[in-house]
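Down below is the structure, laid out as structure tokens.
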Amino acid sequence: MMGKKLGKLYILFGVAALGIGLAGGPAHALGITPSTSGVIPGSSLTPATGPANCEPGCVYRAFGLPNDGSLSLLYKAGQGTIVSETGLFATSYTTKFNSDASGASITFDGTGLAISCPSCYLAVKDGIHAPTYYFFNLSSWNGTETINLSGFWPGAGSISQVSIWGTRTAGVPEPSSLLLLGSGLAGIGMWRRKASKI
Numbered sequence: 326m327m328g329k330k331l332g333k334l335y336i337l338f339g340v341a342a343l344g345i346g347l348a349g350g351p352a353h354a355l356g357i358t359p360s361t362s363g364v365i366p367g368s369s370l371t372p373a374t375g376p377a378n379c380e381p382g383c384v385y386r387a388f389g390l391p392n393d394g395s396l397s398l399l400y401k402a403g404q405g406t407i408v409s410e411t412g413l414f415a416t417s418y419t420t421k422f423n424s425d426a427s428g429a430s431i432t433f434d435g436t437g438l439a440i441s442c443p444s445c446y447l448a449v450k451d452g453i454h455a456p457t458y459y460f461f462n463l464s465s466w467n468g469t470e471t472i473n474l475s476g477f478w479p480g481a482g483s484i485s486q487v488s489i490w491g492t493r494t495a496g497v498p499e500p501s502s503l504l505l506l507g508s509g510l511a512g513i514g515m516w517r518r519k520a521s522k523i
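Quick note on the working numbering: the sequence shown kicks off at 326 and runs consecutively.
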């Protein structure tokens, strides 16, 4: 009798931990506005400008990087039908634009691989209004946090597209998800082992 109750407890623990692990844990957000510090090294604003569709060349220039082909397009999304989601991690993220397109949210969907790189850069493009681009260093971003953009070209334009460029293409699952997933599998394994002895 006690063995059956213990077995049920192992199952409940395993299923709960497995579910939490697959859900990806608590969500965090990174807020970015045109005045966010770190737009250009040594400056709190002064975004670089460039001609329309100058990526990735303008990303190299904005951060003083050698234009050596090391940056890869990790993710790109456009407002409406301008640009569909593309890039190496297109299936891992979703972008929703505000109704006036002065902001957007880039969200990790929790099922694919997350972007993980020591050097990642975000380009926010209008293309018509000055400045045509804003560039941000995403070195503090963990790849699973939601990126919330706000205050871009209010009343004078809109975000036409966002793109993330990086020097590494390998993604990793969130560490807490792996821990919880492992706990769930261990709980189920303990139950099976206990059940086989009965």
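Built from N, CA and C at the ideal position, the CB exists for glycine as well.
Suppose you measure from the CA of residue i to the CA of residue j; what does that come to, to the nearest Å?
i	j	result
serine 360	alanine 402	22 Å
glycine 476	serine 409	23 Å
alanine 439	asparagine 423	24 Å
threonine 320	glutamine 486	As displayed, the chain neither begins before 326 nor continues past 523, which places residue 320 out of reach and without an answer.
serine 464	tyrosine 446	8 Å
asparagine 378	glycine 480	22 Å
glycine 482	histidine 353	28 Å
glutamine 404	alanine 448	14 Å
glutamate 380	serine 444	16 Å
Might you give, ordered along the chain, the residues of its own chain that have their beta carbon closer than 7 Å to the beta carbon of residue i, omitting 5 neighbours on each side?
i	result
glycine 367	Any reading at glycine 367 is ruled out, since the residue's pLDDT is 39, under 50, leaving its predicted position unreliable.
glycine 382	Asn392
aspartate 425	Ser483
For residue i, collect the residues of the same chain with a Cβ closer than 8 Å to its Cβ; drop the 5 residues on either side in sequence, then sort them by chain order.
i	result
tryptophan 478	Ser427, Asp451, His454 and Ile484
lysine 421	Ala429, Ser430 and Thr432
On the premise that residue j lies in contact with residue i, defined as a C-beta separation below 8 Å, what is that separation, rounded to the nearest angstrom?
i	j	result
serine 397	leucine 413	6 Å
threonine 492	cysteine 442	6 Å
glutamate 470	leucine 390	Rounded, the Cβ-Cβ distance is 23 Å, inconsistent with contact.
asparagine 462	isoleucine 357	Contact flag wrong, Cβ pair sits at about 11 Å.
glycine 437	threonine 416	5 Å
Which same chain residues, not among the five before or five after residue i, have their C-beta less than 6 Å away from its C-beta?
i	result
tryptophan 466	Leu355
glycine 468	Ala439, Ile440 and Ser441
leucine 399	Gly412, Leu413, Phe414, Ile440, Ile489 and Gly491
Self-check item: Three CB pairs or more closer than 8 Å across the segment 430-441 and the segment 377-390
Solution: Contact fails: fewer than three Cβ-Cβ distances are below 8 Å.
Quiz item: Whole beta strand (DSSP E) runs in the segment 411-459 with 3 or more residues, listed along the chain?
Solution: 418-422, 429-433 and 445-450, all fully within the segment 411-459.
Quiz item: Which full runs of the alpha helix (DSSP H) of 4+ residues lie inside the segment 459-487, going along the chain?
Solution: Taken in chain order, the complete alpha helix (DSSP H) segments of 4 or more residues contained in the segment 459-487 number zero; there are none.
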